[in-house]
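Remarks on the structure that follows.
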Amino acid sequence: MNYSASELMTINSARLLRDHDVVFVGVGLPNLACNLAQRTHAPNLLMIYEAGVIGARPARLPLSIGDPTLVSGAAAVCSMYEIFTLYLQRGNVDVGFLGGAQIDQFGNINVTVIGDYNHPKVRLPGSGGSMEIAAWANRCYIMTPHQKRRFPARVDFRTSAGFLAGRAEREAAGVRGGGPQAVVTNLGIMEPDETGEMILTALHPGATVEEAQANTGWALKTAAHIRVTEPPTENELRILREELDPAGIYLKGGG
Amino acid sequence: MTKLTTLSEAIRQYVHDGDCVFAAGFTHLIPFAAGHEIIRQGRKNLVLARATPDLIYDQMVAAGCARKIIFSYIGNPGVGSLRIVRQEIEAGRLEWEEYSHFSMISRLQAGAAGLPFIPMNQTAATDLEKANPQYKRVVDPYSGREVIVVPPLNPDVAIVHVQRCDASGNAQIWGIIGEQKEAAFAARHVILTAEEIVDEEVIRSDPNRTVIPGFIVDAVCHVPYCAHPSYTQGYYDRDNPFYLAWDKISETPEAVKAYLDEWVYGVKDREEYWQKLGEETRKRLEVAPRISSPVNYGQY
């Protein structure tokens, strides 16, 4: 069966969600992953959007984080101060999705700047909600194509915290969330080991360890037993292509 | 007391060169018509504050209105880069002050609540804290642990677009409520733009929906379609194709100048702009009604 890199990442991310999870959803692929999970194994998934929408049931594909379709039919709407305090800071969010221009060996993310902060070579959009999501959601998942430039050993700027320089350092900082639990790429899945270092734990069908290592900017370790992920099912692909993103706005690309 | 005036008069009276301006709205209700009027009136050296500068500040920066930008996410939402703000920052021509969404909104909350600062839990990501000296740490006197604090943001003027208000500025919003209330209470002056000016009795029929009370409002302007290409929940849709089109337009200074000449300097006001958009666009942005169930406040 044929599927795109974006479909592969979205489906594997959706499978990480559990029924009754409260998810802080972003637009694009995370939105598709959450809506897919909700239509398959997690019917009681509660979707919260950064714009202050709780229990959204988008009737069409949202094209921005504040799309009006998120509000119509939602359970509740609140202010931005409330979404970040009552929901995120208070500990009411199970899962956050993150992406980034750079993700390092310990799952720290840079969406701020390439080069020096005060004299930026490339100025990126900046934190938005990601600094607090990474800190306070119980679990974070990162979805990104597997490319060497995206996976440097160290990020130029730590916009949001993974395990810093190791799990102990994050624990010492005393933030409530559990940090990044998985990095889902088009080649496989990386998960933190006991030190917080991201290691290869799963490969998608057809992908190889060598390929993953060649596309990672640090000496990528592998788990003792590398799992092979189940290929996308016909049902998962049908929901994505026919119900969620029929125009292929997010699914057609490589991510 | 009626505060009704025209948008051009309100901008003339309450937005001055060098002011800190907060045009409110998280994706929703962004007061584009006010941004365009500020451009037409040629304001300079403004400090533009918004969590997401969005196209409205990209255009104001392109038109030379801004000295500095205060923000927490400089992207074209749903599209990609916010090219002009990004270029000006990269070229060192625009000052900037950066936060996360939460700390940006916390600054506004502190400003609205009259607090000297507001605490937030640590996030373990300290690079932005090091880059922006407005972030400080204080010791929580109860637990002895450090919390992150930011100072209040009190803009000279907030511009807030709403679905409806009465002539004295009691304003009702529904849909995404972002930071409109906080912006209004934090600012020294408040300009309201509204899709509809309604009778005071309409407001009083549903007081829980009133987000901004009239007594903190300085000017009330009736500006239908003020938010386009952003949207007003229940009134018209977000013009997502325009957000994509701006990505192209903002690639070259010539195209930006042509856009501003045609759509900002070339029109008198929002009414002319809306007509100029054409029947096809107006039709595309129409939205079918979805009416909420009424609530019973009771007769006492």
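Those protein sequences? They're chains X and L, same order as listed. The numbering used here puts the first sequence at residues 173 to 427. The numbering used here puts the second sequence at residues 495 to 794. Yeah, the Cβ is synthetic: ideal placement off N, Cα and C, and Gly gets one too.
| Query | Result |
| --- | --- |
| Residues of the stretch 502-528 of chain L whose Cβ lies closer than 8 Å to any Cβ of chain X, in chain order | 520, 521, 522 |
| Stretch-stretch touch, CB-based, cutoff 8 Å, three pairs: the stretch 375-386 of chain X with the stretch 335-343 of chain X | no |
| is_contact[residue 621 (chain L), chain X] using C-beta, thresh 8 Å | yes |
| Contact set between residue 329 (chain X) and chain L, taken where Cβ atoms lie within less than 7 Å | 621 |
| C-alpha distance - residue 571 (chain L) paired with residue 794 (chain L), whole-angstrom precision | 47 Å |
| Contact test: residue 373 (chain X) Cβ vs the ligand PLP heavy atom, cutoff 7 Å | Among the components modelled here there is no ligand, and therefore nothing to report on the ligand PLP. |
| Contiguous alpha helix (DSSP H) assignments of at least 4 residues, all confined to the stretch 362-392 of chain X | 381-386 |
| Any 3 or more C-beta pairs closer than 8 Å across the stretch 622-636 of chain L and the stretch 662-674 of chain L | no |
| Near-chain L residues of the stretch 294-308 of chain X - C-beta to any C-beta below 8 Å | 294, 295, 297, 298, 299, 300, 301, 302, 303, 304, 306, 307, 308 |
| The stretch 343-355 of chain X: positions lying closer than 7 Å to chain L by Cβ | 345, 346, 347 |
| Cα-Cα separation between residue 458 (chain X) and residue 785 (chain L), rounded to whole angstroms | An answer regarding residue 458 (chain X) cannot be provided, because it is not within the stretch 173 to 427 covered by chain X. |
| Beta carbon proximity, residue 427 (chain X) to chain L, threshold 8 Å | Interpretation of residue 427 (chain X) is limited by its pLDDT of 40, a score under 50 that renders its predicted location unreliable; the figure taken from the coordinates is listed afterwards. No, its Cβ sits nowhere closer than 8 Å to a Cβ of chain L. |
| Segment limits, beta strand (DSSP E) that includes residue 757 (chain L) | Run containing residue 757 (chain L): none; DSSP gives neither H nor E here. |
| Three-state class that DSSP yields for residue 605 (chain L) in the structure shown | helix |
| Beta strand (DSSP E) segments (min. 3 residues) lying fully within the stretch 629-684 of chain L | 630-633, 640-644, 651-659 |
| Selected residue, minimal CA-CA separation from residue 496 (chain L), among L:783, L:723, L:716, L:789 | L:716 |
| Selection from L:761, L:568, L:597 that minimises the alpha carbon distance to residue 583 (chain L) | L:568 |
| Under 7 Å (Cβ pairs) to chain L, residues found in the stretch 179-206 of chain X | 199 |
| Residue(s) in a DSSP beta bridge with residue 274 (chain X) | X:282 |
| is_contact[residue 596 (chain L), chain X] using C-beta, thresh 8 Å | yes |
| Interface flag, residue 731 (chain L) vs chain X, CB-CB below 8 Å | yes |
| Through-space distance from residue 617 (chain L) to residue 261 (chain X), alpha-carbon basis | 10 Å |
| Chain-ordered chain L contacts of residue 289 (chain X) [CB-CB under 8 Å] | 621, 625 |
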